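Quick note, the sequences are listed as chains A and B, same order.
Residue numbering for the first sequence is 1 to 453, as defined by full-length UniProt numbering.
Residue numbering for the second sequence is 1 to 453, as defined by full-length UniProt numbering.
Cβ atoms here follow ideal geometry from the backbone N, Cα and C, with glycine treated the same way.
Source: prediction; values computed, not measured.
There are 2 protein chains.
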Amino acid sequence: MARPTPLSGFPEWLPEGRLVEQHVLDVLRRTFELHGFVGIETRAVEPLDQLLRKGETSKEVYVLGRLQAEAGAAPDRAGTLGLHFDLTVPFARYVLENAGHLAFPFRRYQIQKAWRGERPQDGRFREFVQADIDVVGAGTLPYHYEVELPLVMAEALGALRDIGVPPVRVLVNNRKVAEGFYRGIGLTDVDAVLRSIDKLDKIGADAVAGLLVAEAGASDVQARACLELAAISGSDESVIDHVRTLAVDHGAAHELLDEGLEELGALIRAAALRAPGVVVADLKIARGLDYYTGSVYETVLVGHEQLGSICSGGRYDTLASDGANTYPGVGLSIGVSRLVSRLISRGLVTTTRSVPSAVLVAVSNEDDRGRSDAVAAALRSRGIPVEVAPSAAKFGKQIRHADRRGIPFVWFVGEDEQAADQVKDIRSGEQVEADAGTWTPDDSDLWPRVVPA
Amino acid sequence: MARPTPLSGFPEWLPEGRLVEQHVLDVLRRTFELHGFVGIETRAVEPLDQLLRKGETSKEVYVLGRLQAEAGAAPDRAGTLGLHFDLTVPFARYVLENAGHLAFPFRRYQIQKAWRGERPQDGRFREFVQADIDVVGAGTLPYHYEVELPLVMAEALGALRDIGVPPVRVLVNNRKVAEGFYRGIGLTDVDAVLRSIDKLDKIGADAVAGLLVAEAGASDVQARACLELAAISGSDESVIDHVRTLAVDHGAAHELLDEGLEELGALIRAAALRAPGVVVADLKIARGLDYYTGSVYETVLVGHEQLGSICSGGRYDTLASDGANTYPGVGLSIGVSRLVSRLISRGLVTTTRSVPSAVLVAVSNEDDRGRSDAVAAALRSRGIPVEVAPSAAKFGKQIRHADRRGIPFVWFVGEDEQAADQVKDIRSGEQVEADAGTWTPDDSDLWPRVVPA
């Protein structure tokens, strides 16, 4: 074949990049597990009719076909499979399918790829990795999980500060506040209002005002009130008072508004204690998906706000329901590919080497390869990653082999059973006698590390 | 939606099953990294024309379509994407695409899903996880990698004996032996002979003899000679003598045969030293894929031979070539889903609990949830996985919540700042005073463990 070229929207990393991504995934997984979330995976495909329950996403779904299907045959939607475009819809299906075997409230994390056939852009891919946490209850789910989950994500992302990930800001809002306010000022097509407000960052306030009038049935005064609400943000409880004042000014009284403000206030208070300075109430956060019913979340990397949200989610009351039972949930999803691609493309992080090996065991001649293999096995049995030189080339060439990969140590096997082995730190040039049964590298050299660039 | 049902061929595990799979993947990854393999991932899709370079697999490929594609439009093979059906073809493409950025010989592992549209059977899925290791060289690749790689896999699978995975037997052969022998006895359509021999286990010797005559142009005598070769197996070097004798008997002299026997002998000798009793030369191992050019490998679980191979591969000289440069390689692939499904369906393994949490922190009333959260944070900061009770129910109910999940400890926060906390081992009922800043569970209770059933 000719030299292949990359496919737009399907990112692949070189080994160093994959080390970064794997480290990010390891840190996320550890944080999730420390918080008691159990990992699951779901299949990559769902029946197309399930994926299309949300009309808005229909254009983004990749549909699976069979190579031998008759050309021109009418597509059979019921039997057709599509690749999942997120992990929330498959998780809701998994909960319904396995409800009899799960203990509720069920805390799970899920780290998998998802696919969307949309036009690739910076940080927006056709294939991407997501890392989700959700808690679902059977029938009911207490509000305190809406406080807990964004703080778990803040902790997980905070644990990546060490490697050069910028600080994050978690933006929170509550659908009940928005809906209560809209209804309180006399707007009834809440979904239309939310869809318009969701475009604020993209098209600006004046255009959104126009949309509110044209598509949500708002008067100019009502549209301006919605925009005033969306303009409110802050990281302490004054934000709640601010909304209350605005509501009173506009004569907007609604019990949903009160309930939402109480919830939002509780989240702000808890966040101020547990993750000071990270969580900001931002009343313009709407989230496009229409299944959210309480808290909604978005997360930006400070200094990289233009990248968009790297961790979003919210509370959903009716996503998983089989008629007889309903499983309300709350969850957030980290856009791992978006985050990692930014770390790599902006050179924010680097790795101490490109391969796992801490040691290259040299080979003095091919007939003695077995002795080098034995040294490697002895080191590995004590948890030290090792590879053996590919050929019995001159030692200078073997050292260059290690150097090109960033392997810090080269091991020379003694010329006979009596002669001691030696190990050379090829960075300093220091060479010392060593025994494969006891020698250990510094902790900082044992495995490749991901560090700020 | 109605309660959904599973899709045949797309396995999903309950949380306990996923703990088993994740443990298997963690052990494989660690072994691969100790041997200096670096992890990469490739995209799930490849251009269809690349996937169809091997005609045999065409019927198994899932093709991606766009929902809005015109019904009846002629499929465009060049621009069409399909889901990869293994990790070797994508890896070969990755090597060609990134050759300028890789250091050769390049050692990589790759753990990902693959998809095949074939009829599901026991241990044969439409979506499945593979764990591959390969080494590729630029231009050349020394034979010793053909010895090393199956031994790495034997070590990786051996590291799973602790959790109840049966011992494995690695069956090896060498294409050069087979090809040299066939040519030596006057058969020239080597691929046809291999395809026939590959069916031996399925259809038996007599039917294969018929195939050899009908499709590989063999005489009855030649067909019997091929079957005699295929019947040879053994775990020491006598197997080599056995093949030589057979070749002499049939007047089959060929330099490829000699080269192949020398290689196979070296592998048997090294394996006897490094993994005694695990590797068996089995001259009937053919492997269906036509890109193998040297060693070929299959691996069976002892006592579960009917499951088929759980780890296969071989040496390939020309899979990755862009015309100017060729990258010969050798690799093996573990069928993780096949292995894990057997472990689960036969009840060979179990887990000490179904969630990560070692501790459930009880909540005495909702106003005090913050104090329970603080205890949980203190424990987590020392690496102990913890969750907080979902509600301030009666303590008996909170203990049952832990018990249902197998969480061994329940933590009771002191009634006020002066009263000491207490922690209860709910298995023994023992309850002691404890400080969240110092208390630690036994190592065996810290994380859920996967153990023999």
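Where do the N-terminal and C-terminal ends of the alpha helix (DSSP H) with residue i fall, by residue?
{"i": "residue 196 of chain B", "result": "190-197"}
{"i": "residue 181 of chain B", "result": "175-184"}
{"i": "residue 158 of chain B", "result": "144-158"}
{"i": "residue 243 of chain B", "result": "238-249"}
{"i": "residue 444 of chain B", "result": "443-446"}
{"i": "residue 381 of chain A", "result": "369-381"}
Strictly under 7 Å for the Cβ-Cβ distance: is residue i near chain A by that measure?
{"i": "residue 22 of chain B", "result": "yes"}
{"i": "residue 70 of chain B", "result": "For residue 70 of chain B, the predicted structure reports a pLDDT of 48, less than 50, and the residue's modelled location is therefore unreliable. The matter cannot be settled from this model."}
{"i": "residue 101 of chain B", "result": "yes"}
{"i": "residue 394 of chain B", "result": "no"}
{"i": "residue 259 of chain B", "result": "no"}
{"i": "residue 40 of chain B", "result": "yes"}
{"i": "residue 210 of chain B", "result": "no"}
{"i": "residue 65 of chain B", "result": "yes"}
{"i": "residue 295 of chain B", "result": "no"}
{"i": "residue 105 of chain B", "result": "yes"}
{"i": "residue 169 of chain B", "result": "no"}
{"i": "residue 435 of chain B", "result": "no"}
Mind checking if residue i is an interface residue toward chain B, Cβ cutoff 7 Å exclusive?
{"i": "residue 221 of chain A", "result": "no"}
{"i": "residue 150 of chain A", "result": "no"}
{"i": "residue 322 of chain A", "result": "yes"}
{"i": "residue 34 of chain A", "result": "yes"}
{"i": "residue 244 of chain A", "result": "no"}
{"i": "residue 14 of chain A", "result": "yes"}
{"i": "residue 496 of chain A", "result": "It is not possible to answer for residue 496 of chain A, since the shown part of chain A is limited to 1 through 453."}
{"i": "residue 472 of chain A", "result": "Outside the shown range of chain A, which is 1 to 453, sits residue 472 of chain A, and nothing can be said about it."}
{"i": "residue 417 of chain A", "result": "no"}
{"i": "residue 445 of chain A", "result": "no"}
{"i": "residue 61 of chain A", "result": "yes"}
Kindly give me the distance between the Cβ atoms of residue i and residue j, rounded to whole angstroms, as I take these residues to be in contact under 8 Å.
{"i": "residue 207 of chain B", "j": "residue 192 of chain B", "result": "Contact doesn't hold; Cβ gap of about 15 Å is too wide."}
{"i": "residue 315 of chain B", "j": "residue 295 of chain B", "result": "5 Å"}
{"i": "residue 447 of chain B", "j": "residue 408 of chain B", "result": "Wrong, their Cβ atoms sit about 11 Å apart, outside the cutoff."}
{"i": "residue 195 of chain A", "j": "residue 299 of chain A", "result": "Contact flag wrong, Cβ pair sits at about 21 Å."}
{"i": "residue 37 of chain B", "j": "residue 109 of chain B", "result": "4 Å"}
{"i": "residue 2 of chain B", "j": "residue 49 of chain A", "result": "That belief does not hold up - the Cβ atoms of residue 2 of chain B and residue 49 of chain A are roughly 12 Å apart, past 8 Å."}
{"i": "residue 389 of chain B", "j": "residue 361 of chain B", "result": "7 Å"}
{"i": "residue 324 of chain B", "j": "residue 147 of chain B", "result": "Wrong, their Cβ atoms sit about 30 Å apart, outside the cutoff."}
Give a single yes or no on whether residue i has its beta carbon closer than 6 Å to a heavy atom of the ligand SAH.
{"i": "residue 324 of chain B", "result": "Although the ligand SAH was asked about, the structure shown includes no ligands whatsoever."}
Among the options, which has the Cα closest to the Cα of residue i?
{"i": "residue 248 of chain A", "options": "A:185, A:238, A:301 and A:195", "result": "A:185"}
{"i": "residue 271 of chain A", "options": "A:236, A:254, A:284 and A:225", "result": "A:236"}
{"i": "residue 318 of chain B", "options": "B:45, B:140, B:4 and B:86", "result": "B:140"}
{"i": "residue 60 of chain A", "options": "A:125, A:26 and A:18", "result": "A:125"}
{"i": "residue 306 of chain A", "options": "A:10, A:197, A:123 and A:65", "result": "A:123"}
{"i": "residue 229 of chain A", "options": "A:189, A:263, A:179 and A:214", "result": "A:179"}
{"i": "residue 436 of chain A", "options": "A:451, A:372 and A:399", "result": "A:372"}
{"i": "residue 177 of chain B", "options": "B:66, B:10, B:424 and B:282", "result": "B:282"}
{"i": "residue 441 of chain B", "options": "B:383, B:399, B:222 and B:420", "result": "B:383"}
{"i": "residue 152 of chain A", "options": "A:117, A:364 and A:30", "result": "A:30"}
{"i": "residue 222 of chain B", "options": "B:93, B:103 and B:190", "result": "B:190"}
{"i": "residue 183 of chain B", "options": "B:226, B:116, B:238 and B:85", "result": "B:226"}
Based on the DSSP output, what are the partners of residue i in its beta bridges?
{"i": "residue 65 of chain A", "result": "B:63"}
{"i": "residue 357 of chain A", "result": "Answer is none; residue 357 of chain A lacks a bridge partner."}
{"i": "residue 452 of chain A", "result": "A:349"}
{"i": "residue 50 of chain B", "result": "Its beta-bridge partners do not exist; DSSP assigns none."}
{"i": "residue 128 of chain A", "result": "A:114"}
{"i": "residue 282 of chain A", "result": "A:233"}
{"i": "residue 97 of chain B", "result": "Paired residue(s): none; residue 97 of chain B is not in a bridge."}
{"i": "residue 258 of chain A", "result": "Beta-bridge pairing links residue 258 of chain A to no other residue."}
{"i": "residue 82 of chain A", "result": "A:46 and A:63"}
What are the start and end residues of the beta strand (DSSP E) that includes residue i?
{"i": "residue 47 of chain A", "result": "45-47"}
{"i": "residue 330 of chain A", "result": "326-335"}
{"i": "residue 433 of chain B", "result": "431-434"}
{"i": "residue 317 of chain B", "result": "311-321"}
{"i": "residue 386 of chain B", "result": "386-388"}
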